[in-house]
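These notes are about the structure you will find just below.
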Amino acid sequence: MTGRPRDQKREKHREGHTVGRRERPVAPWVRTRLRTAPGTALVLGLLVVLTAFLAAAFPRTVDTYETRGLRDAVAEASPERRVLDFRSPERSFELPLSAREEKLRPGGVDAVQREVSGLLADPLRADTSQSARGVRTGRSLIGSDAWLPRHDGLPPQFALAAQAGLAAHSTVRHGQLPTADGRVTATTRTVEAAVSSATATTLRLSVGSVVHVGRAGSPTLTVRISGIVDPVRPSGSYWTADSLLRTPHLSTTGAKPPQFYWEAALLLAPEAAPALLGTAGEPERYWRVAPDTSRLTGPQVGALSERIASLQDGPALSRLRSAAGTNASLDTDLDDILHGYASLRSAITPVVAVAAVGIGTVAVVVLALAGGLSARRRHTELVLVRARGGSLRGIGGRLLAETAVVTLPAAALGLLVAVLLVPGGRTGPAVLAATAVAVVACAALPLRAVLAHRTPQVYGERDDLVRDRPSRRRTVAELTLLVLAVGAVTALRQRGTTDSGDHLVSAAPVLIGLITATLLVRLYPLPLRLAARPAKRLRGAVGFLSLARAGRAPATGTLTLLVLVVALSTAAFGQAVLAGTADARDRAALLAVRADARISSPNDTLVVPAGTERAVRDVPGVRSVIAVRAEHQVNVGARSGSSSPVHATLIGVDPEPYAGLARDTDLGGFPASVLGTDTPPGTSGGGVLPVVASPGVADALGRTPRRITTLVGVVTVRVVAVRSRTPATASSEFLLVDRAGLPQRAATTLLVSGGGPDGTALDGTALRAAVRASGAEHSVHLRGEIRARLVDSPLQTGAKLIYHASILAGGGYIVVALLLSLVHTTPERVSLLALLRTLGLTSRQGRRLLALEALPQAVLAAAGGALAGWATILLIAPGVDVTRLALAAAPGLATGLTAAGGAALRPEPWSLTLSALAVVVLTGTVTAAQARWAARRGSADRLRTGDAR
1 MTGRPRDQKR EKHREGHTVG RRERPVAPWV RTRLRTAPGT ALVLGLLVVL TAFLAAAFPR
61 TVDTYETRGL RDAVAEASPE RRVLDFRSPE RSFELPLSAR EEKLRPGGVD AVQREVSGLL
121 ADPLRADTSQ SARGVRTGRS LIGSDAWLPR HDGLPPQFAL AAQAGLAAHS TVRHGQLPTA
181 DGRVTATTRT VEAAVSSATA TTLRLSVGSV VHVGRAGSPT LTVRISGIVD PVRPSGSYWT
241 ADSLLRTPHL STTGAKPPQF YWEAALLLAP EAAPALLGTA GEPERYWRVA PDTSRLTGPQ
301 VGALSERIAS LQDGPALSRL RSAAGTNASL DTDLDDILHG YASLRSAITP VVAVAAVGIG
361 TVAVVVLALA GGLSARRRHT ELVLVRARGG SLRGIGGRLL AETAVVTLPA AALGLLVAVL
421 LVPGGRTGPA VLAATAVAVV ACAALPLRAV LAHRTPQVYG ERDDLVRDRP SRRRTVAELT
481 LLVLAVGAVT ALRQRGTTDS GDHLVSAAPV LIGLITATLL VRLYPLPLRL AARPAKRLRG
541 AVGFLSLARA GRAPATGTLT LLVLVVALST AAFGQAVLAG TADARDRAAL LAVRADARIS
601 SPNDTLVVPA GTERAVRDVP GVRSVIAVRA EHQVNVGARS GSSSPVHATL IGVDPEPYAG
661 LARDTDLGGF PASVLGTDTP PGTSGGGVLP VVASPGVADA LGRTPRRITT LVGVVTVRVV
721 AVRSRTPATA SSEFLLVDRA GLPQRAATTL LVSGGGPDGT ALDGTALRAA VRASGAEHSV
781 HLRGEIRARL VDSPLQTGAK LIYHASILAG GGYIVVALLL SLVHTTPERV SLLALLRTLG
841 LTSRQGRRLL ALEALPQAVL AAAGGALAGW ATILLIAPGV DVTRLALAAA PGLATGLTAA
901 GGAALRPEPW SLTLSALAVV VLTGTVTAAQ ARWAARRGSA DRLRTGDAR
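In terms of the working numbering, the sequence shown opens at residue 1 and continues consecutively.
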């Protein structure tokens with residue numbers, strides 16, 4: 001009795017202290033979960049680091065190789081093509097002569113130079129060290145001195161240039177730099193000039209030489225040579241933008257037959273420029289701006305092209321003309337260089353986008369798989385929390401918080417590693433990509449848990465692939481994917497990869513993989529039921545139990561299957577692209593040479609000496625030498641319905657070896673008997689030679705004997721076979737004949753085979769030495785040398801790097817998906833084995849049970865991935881321009897390959913098979929390790945009912 005009031009006071013005192021504040025939980029949720037499952041948090045963090053690194057590195061890698069490609073494209077172009085040549089012909093005849101003279105003086109030229117510099121806004125910057133400005137004659141002046149060298153009896157012509165900066169860009173070899181005596185005007189008739197060493201040597205000039213230049217009807221200008229100079233950087237834009245300043249040229253008059261004359265440059269002092277107004281040289285001011293390529297970036301191509309267009313015909317040109325005169329203009333090929341680069345990039349970008357979309361989809365599905373498996377592992381825990389009053393918002397918020405604590409630092413770390421390892425490129429897209437990875441990783445677990453616990457859950461309810469019935473929403477989503485896949489494949493086959501902004505086309509392989517995975521999930525129960533019937537009749541229980549267990553695989557296995565199928569199909573497409581590129585280059589090199597080596601003369605005009613063939617056969621590595629006689633422009637008549645004659649190449653060959661070469665190179669193979677003595681009766685009788693002709697020649701000749709006139713006489717031929725191409729010539733019109741039946745049999749070309757299967761082992765030096773030693777003046781072309789020149793540009797190198805990385809990343813994600821899926825089921829499998837061992841199951845039978853249980857899904861995924869990869873390549877191969885991708889830097893070879901049928905993607909059976917086997921082997925290895933580990937564990941702590949830890 002006495003204690004009750006005291007207890008009541010104590011309770012009131014405690015309640016007074018707790019009023020107005022919430023009681024703190026016993027332990028914080030996030031900290032408790034991280035301490036309870038540190039391994040799970042570590043695995044998630046590593047997965048996010050890897051994915052964020054790949055996502056952030058991709059846009060930076062693309063920017064890096066695009067920037068390198070742009071800089072190389074501009075830097076490798078000749079200076080006269082890439083320089084911005086601003087010109088302003090001096091035609092201001094309405095101005096006083098003194099005003100026109102002032103415009104040509106250094107001060108007037110420099111004033112416009114400042115205006116030109118103002119027009120070169122970012123990203124078009126000038127390389128001031130190689131830029132030039134000055135005044136030159138727009139029309140060359142004729143040297144009238146008799147002692148000057150004359151080619152074809154014509155006097156040399158000189159361009160006079162008063163270019164600033166000569167002292168900084170040249171070294172005086174003899175004499176001194178030119179100067180201007182007093183104030184030079186249009187009436188000045190004597191000036192000084194310097195010449196380059198090459199000009200002095202060619203035109204026999206020396207210090208003190210006096211040259212008189214002019215044109216008929218105009219005053220003559222006397223030029224005294226004051227010095228001979230050597231360029232400091234002969235290949236720089238200062239000297240090479242107008243190569244005449246450095247090296248004299250032979251120019252033609254344009255007459256028939258053409259006549260040539262020497263043309264050279266005389267370098268005046270800038271102060272002497274007004275003297276050009278007194279000549280017929282039509283002086284013009286110029287400002288040659290060499291672009292600075294060191295700061296160009298790939299994303300600036302569009303802005304750079306717009307800037308050049310504005311300078312050529314836009315607002316910037318108006319500003320230039322207001323300062324330099326109404327005749328000012330810009331002449332440059334830099335826009336063509338940028339167009340060529342953009343064309344190559346447009347060919348590569350869609351193909352790279354396929355790899356990016358594929359591996360991006362795989363990464364998202366793996367993150368979703370990790371969240372789904374985590375939600376399934378904590379299913380019982382979340383059911384209990386929900387039953388005790390936990391709200392969906394509260395559960396989702398706590399799961400989001402515990403995931404974000406791990407994911408956000410991991411994503412930031414992946415971004416930091418990508419920035420450090422890939423220093424080039426923009427940071428903004430990389431940050432967005434890493435943020436997207438963090439968002440997906442953070443949202444996977446909360447969303448999966450909230451969706452799974454919207455309605456009350458029954459403990460022990462089955463949720464597996466066989467029992468799970470697709471809902472109407474899922475059916476609609478699958479049908480939508482099917483429609484998208486059909487549309488993407490159709491668009492890709494019709495339009496190709498020309499539209500780099502069409503992401504649906506880039507997603508075609510992924511959509512095909514998704515449809516394949518969906519179809520496999522739909523069909524998955526059928527083979528299990530079919531296999532379970534005979535398994536019931538077996539004596540042992542392992543087979544039936546394994547099929548029953550495979551049928552009870554969790555529904556989250558759909559994501560694992562999706563990862564495997566999409567990754568395998570993307571890897572198969574990437575492997576096909578890489579192999580198709582290599583095949584296209586091999587084929588282009590073969591079409592350029594038509595054999596492993598070709599020994600010929602221009603237009604096949606020279607006969608091969610008698611000993612050359614034997615000398616070539618003796619070269620190590622040579623397997624066979626085929627002598628061919630070729631004669632071009634043979635009139636074979638007109639096609640039916642046309643009056644224009646067909647001119648073809650007559651080729652005399654030895655039937656047996658030549659037919660073998662045509663068959664081996666896949667260039668119009670034919671049976672050797674059609675050209676030999678085994679031809680049908682009447683074909684070769686009476687002097688009629690059987691021929692293999694191209695379609696056009698066959699149409700012109702018909703199937704009856706026809707007489708044709710050649711350089712060696714008249715022959716009668718009859719078409720016995722038609723082929724569209726042949727090794728001896730790249731001409732589309734030809735006819736093959738047995739060389740023994742021609743009036744003149746001497747060979748003009750040798751086709752050499754050897755050097756291994758690709759012909760790259762032939763020794764070009766030894767072949768050329770043998771040809772020269774035999775007295776032949778023929779050229780030697782090697783297939784291997786041409787193939788070696790087909791190296792990757794920075795754009796192509798970057799694309800290959802991304803495809804290799806996508807294949808490796810896809811393989812890594814496959815391993816991660818399999819490990820996550822199998823490790824997730826480890827506790828439950830170990831408990832099952834422990835229970836079955838109490839019923840008499842041996843360890844060996846347990847290992848077989850686990851292996852057979854995992855086998856159906858592994859085989860299904862491997863077969864589905866191989867099928868999806870094979871279908872992807874076959875369906876979209878017509879839309880992928882492999883020729884353009886492989887030979888963008890060699891347009892001539894690309895044209896020849898396209899004319900010969902081009903190159904297409906093809907499935908790589910060995911790649912598909914190895915990938916599928918790797919999935920099965922990896923699954924079996926992990927399962928075997930799992931079974932061995934379970935056999936070593938005790939069974940006492942695994943037999944508690946309801947505990948699947």
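All residues carry an ideal CB built from backbone N, CA and C; glycine is no exception.
Everything numeric in this text was worked out from a predicted model, so none of it was measured.
When DSSP states are grouped into helix, strand and coil, Asn603 belongs to the helix group. Residues of the same chain with a CB within less than 8 angstroms of the CB of Ala746, apart from the 5 flanking positions on each side, are Val607, Val608, Arg629 in chain order.
Residue pairing by DSSP puts Thr716 in a beta bridge opposite Val688, Arg707. Closest by C-alpha distance to Pro283, out of Arg136, Phe93, Asp335, is Arg136. Under the DSSP definition of a beta bridge, Tyr261 partners with Ser251. DSSP, reduced to helix, strand and coil, places Gly621 outside both helices and strands of the structure shown, so it counts as coil.
Less than 9 angstroms separates the beta-carbon of Ala126 from that of Ser117. When secondary structure is reduced to three states using DSSP, Arg87 falls in the strand class. As computed with DSSP, Tyr286 is found in a beta bridge with Arg87, Gly134.
Under the three-state reduction of DSSP output, Gln312 falls in the helix class.
Counting C-beta pairs with one atom in each stretch, the segment 702 to 713 and the segment 580 to 593 have fewer than three that are closer than 8 angstroms, which means they do not touch. If you ignore the 5 residues before and after Ala507, its C-beta comes within less than 7 angstroms of the C-beta of Val357, Ala488, all in its own chain and listed in chain order. Gln130 sits buried, since 16 or more C-beta atoms from the chains shown fall within 10 Å of its C-beta. With contacts defined by Cβ atoms closer than 9 angstroms, Ala862 and Val919 form a contacting pair. Of the other Cβ atoms in all chains shown, fewer than 16 fall within 10 Å of the Cβ of His339; this residue is therefore exposed.
Within the segment 75 to 131, the runs of alpha helix (DSSP H) that reach at least 4 residues and sit entirely inside it are, in chain order, 79 to 82, 97 to 104, 106 to 119. Non-local beta-carbon contacts of Leu511 in its own chain, meaning distances under 7 angstroms to residues more than five positions away in sequence, involve Leu481, Leu484, Ala485, Ala488 in chain order. For Arg598, the three-state secondary structure derived from DSSP is strand.
Leu413 sits away from Ala430, with the two beta carbons spaced by 9 angstroms or more. By the CB criterion at 9 angstroms, Arg60 and Gly425 fall inside the cutoff. Excluding sequence positions up to five before and after Asp230, its CB lies within less than 6 angstroms of the CB of Thr171, Arg173, Ser197, all in the same chain and listed in chain order. According to the DSSP assignment, Ala441 belongs to the alpha helix (DSSP H) that extends over 428 to 452. The beta carbon of His169 sits closer than 6 angstroms to the beta carbons of Val232, Tyr238 from its chain, once the five residues preceding and following it are set aside; these are given in chain order. Its chain contains Thr923, Thr927 as the residues whose beta carbon lies nearer than 6 angstroms to that of Ala854, once the 5 sequence neighbours on both sides are disregarded; these appear in chain order. Residue Thr898 holds the alpha-carbon nearest to the alpha-carbon of Arg587 among Thr898, Leu559, Thr407. Distance between Leu432 and Leu382, taken at the CA atoms: about 33 angstroms.
Out of Arg215, Ile225, Leu885, Asp763, the CA that lies nearest to the CA of Ala193 is found in Ile225. Assigned with DSSP and collapsed to three states, Asp738 falls in strand.
For a cut-off of 8 angstroms, the C-beta gap from His249 to Glu263 is around 5 angstroms, short enough to register as a contact. Here Thr199 is near Thr247, since their CB atoms are less than 9 angstroms apart. Bounds of the alpha helix (DSSP H) holding Ser237 are 237 to 240. Counting along the chain, no beta strand (DSSP E) covers Val791, and no H or E run does either. Leu849 carries a helical assignment under DSSP once its states are collapsed to helix, strand and coil. The beta carbon of Gly217 lies closer than 8 angstroms to those of Ala280 in the same chain, with the five residues before and after it left out.
Taking each of Gly846, Tyr813, Ala890 in turn and checking the Cα distance to Thr361, the smallest one comes out for Tyr813. A residue is called buried once 16 or more other Cβ atoms fall within 10 Å of its Cβ, and Gly153, having fewer, is exposed.
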